[in-house]
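K.L.:
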Amino acid sequence: MRIVHLSDIHLSKSNFDEFKNTYCEALIRDLISFDKEKKIDIIVITGDLVDRGGHSLYSIDGFEDKSIYSNPYSIFEKIFINPIISALGFSKENFLFVPGNHDIDESEILLKEEYDLTKTLSIDNIDDHLKRNVNFKHSKRIKKFKEFEEEFHRGQSNYKYSSNQSVFCYNFENVNIGFILINDSWRCRSQKLDCDDKLMFGVNQFFNGLTTLREYDTKLNIALIHHPIDDLTEIREVQRCLNVSNIGFYLYGHYHSSDFKKHYQGSFDNCFGIRGRASLNKINEANSSYQPGYQIIDLDLQHKGKITGIHYRKYKYEFNYFVFDTDVCQTGIDKGPSDKGIELKSELQAKKYSLDKSQFKS
514 MRIVHLSDIH
524 LSKSNFDEFK
534 NTYCEALIRD
544 LISFDKEKKI
554 DIIVITGDLV
564 DRGGHSLYSI
574 DGFEDKSIYS
584 NPYSIFEKIF
594 INPIISALGF
604 SKENFLFVPG
614 NHDIDESEIL
624 LKEEYDLTKT
634 LSIDNIDDHL
644 KRNVNFKHSK
654 RIKKFKEFEE
664 EFHRGQSNYK
674 YSSNQSVFCY
684 NFENVNIGFI
694 LINDSWRCRS
704 QKLDCDDKLM
714 FGVNQFFNGL
724 TTLREYDTKL
734 NIALIHHPID
744 DLTEIREVQR
754 CLNVSNIGFY
764 LYGHYHSSDF
774 KKHYQGSFDN
784 CFGIRGRASL
794 NKINEANSSY
804 QPGYQIIDLD
814 LQHKGKITGI
824 HYRKYKYEFN
834 YFVFDTDVCQ
844 TGIDKGPSDK
854 GIELKSELQA
864 KKYSLDKSQF
874 KS
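Residue numbering for the sequence shown follows our numbering, starting at 514 and increasing by one per position.
1) Spatial neighbours of residue 878 within its chain, please: C-beta separation below 7 Å, excluding the five flanking residues on both sides.
2) Does the stretch 731-746 come close enough to the stretch 764-772 to have 3 or more Cβ pairs within less than 8 Å?
3) In three-state DSSP terms, what is residue 654?
4) Among residues of its own chain, excluding the 5 on either side of residue 661, which ones have a beta-carbon nearer than 7 Å to its beta-carbon?
5) What residue range does the beta strand (DSSP E) around residue 540 cover?
6) For the beta strand (DSSP E) containing residue 600, list its first residue and its last residue.
7) Please list, in chain order, all residues of the same chain as residue 573 whose beta carbon is under 7 Å from its beta carbon, the five residues on each side excluded.
8) Let's see if you can read the secondary structure: which residues bound the alpha helix (DSSP H) around residue 719?
9) Can you tell me which of 843, 731, 827 and 632 puts its alpha carbon nearest to the alpha carbon of residue 759?
10) In terms of alpha-carbon separation, which member of 540, 563 and 604 lies closest to residue 552?
11) Would you kindly work out how many angstroms separate the C-alpha atoms of residue 694 and residue 612, rounded to a whole number?
12) Considering only residues of the stretch 814-841, which uninterrupted beta strand (DSSP E) runs meet the minimum length of 3 residues and lie entirely inside it, listed in chain order?
13) Taking C-beta to C-beta, are residue 701 and residue 617 nearer than 7 Å?
14) Let me make sure I understand the geometry here. Which of 535, 517, 514 and 523 has the alpha-carbon closest to that of residue 832?
15) Excluding the five sequence neighbours on either side, which residues of its own chain have a C-beta within less than 7 Å of the C-beta of residue 531, listed in chain order?
16) Just checking my contact of residue 558 with residue 522 at CB under 8 Å: how many whole Å lie between their CB atoms?
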């Protein structure tokens, strides 16, 4: 099974011309080369599809009419998603995405109401708040994104949408793989208040997603989230969830550079996160650590369940093509300790294991 991990696109008026003229072709060319080698099954974007709510997209020639494009994400779909789907002959239902902090519409935030909510919202009551959030009472900032998500996946029996988390089940060679799509950005805003600390999102999104996936008898579950776990108020609760559940790993973004992290140790199997580069954002970025790129993750689900390789890709602005990302690991492909793969916590394998980041190639 092969998963493409994109993150932090930040599509906007400012990077559209470069994307249209050069980058889009380079990305599609690279994806096609990997798809020919081994079929791509799933493409995910872990947040920040657009920049600052996508308002600047209406300044692009041909997209000014809001009666046609009432939602900026419909513009994103036409500019970014559709060319990839068309070039690969890819199934739309296997294209997944979660919101990031730039996917909020800040014009929908009332600061007085926001201040009051920030003062009263706590780990103890956030779950009750999420249950009442079906009409986006305090999260209108994320409504356009979630409406786009709901419409994009409408009619899919294996995709369960909610205004909080959503889930998706993918069957690969008679093995059901679950994806939990976490909405950790519904409380985000750029303007900070004096009562701000870390980001609170509602850890029960994980548990509720896992409950839904039990209907599909999934053997491996993968979580998609935008922010690093360390940035969340409920870090302890998230750690516990990832330790005790059958989530094999999670994909995330936000910091625009790649990383492989094992976060947790204890009496339970470990869970780890794979952070992606910004996949577009500033195309001519000079700092090598933050230049655009993406990852391709290969899974072997027939032999205990393992990641057989993570292909790190980086965009070379000067030549308009992608190369192996040797900033992340020496060869640009991480095949785990002794090239034997990275075993996953799943129902596909019974034995305990321990992952240590020092074991991995650097």
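From the three backbone atoms N, C-alpha and C, an ideal C-beta is built for every residue, glycine too.
In this text, all values refer to a predicted model and were calculated from it rather than measured experimentally.
P.N.:
In short, the structure shows the following:
1) Outside the displayed span of the chain (514 to 875) sits residue 878, for which this structure offers no information.
2) yes
3) Here residue 654 corresponds to residue number 141 of the sequence shown, with the count starting at 1. Three-state DSSP puts residue 654 in a helix.
4) Along the sequence shown, read from residue 1 onward, the residue named residue 661 stands at position 148. Closer than 7 Å at the Cβ level, and outside the excluded window around residue 661, lie 584, 586 and 587.
5) As a working note, residue 540 is residue 27 in the sequence shown. Premise fails: residue 540 lies in the alpha helix (DSSP H), 537-550, not in any beta strand (DSSP E).
6) Here the question's residue 600 lines up with position 87 in the sequence shown. Counting along the chain, residue 600 falls outside any beta strand (DSSP E), though it belongs to the alpha helix (DSSP H) covering 595-601.
7) Locating residue 573 in the sequence shown gives position 60, counting from the first residue. Cβ within range, chain order: 526 and 529.
8) Within the sequence shown, the letter at position 206 stands for residue 719. Its alpha helix (DSSP H) spans residues 717-726.
9) By one-based count along the sequence shown, residue 759 stands at place 246. When only C-alpha atoms are compared, the closest one is 731.
10) Translated into positions along the sequence shown, residue 552 becomes position 39. The shortest C-alpha separation from residue 552 is found at 604.
11) Position 181 of the sequence shown, counted from the start, is the residue given in the question as residue 694. Position 99 of the sequence shown, counted from the start, is the residue given in the question as residue 612. Cα-Cα distance, rounded: 9 Å.
12) 819-829 and 834-837
13) Sequence index remark: in the sequence shown, residue 701 carries index 188 (1-based). Sequence index remark: in the sequence shown, residue 617 carries index 104 (1-based). Cβ atoms of residue 701 and residue 617: closer than 7 Å.
14) Mapped onto the sequence shown, residue 832 falls at position 319. Looking at the Cα atoms, 535 is the closest of the given residues.
15) For the purposes of this step, residue 531 is identified with residue 18 of the sequence shown, where counting begins at 1. For residue 531, where only same-chain residues beyond five positions count, the Cβ hits under 7 Å are 796.
16) Counting from 1 along the sequence shown, the entry for residue 558 is found at position 45. Counting from 1 along the sequence shown, the entry for residue 522 is found at position 9. With 8 Å as the limit, residue 558 and residue 522 qualify as a contact, their Cβ atoms being about 7 Å apart.
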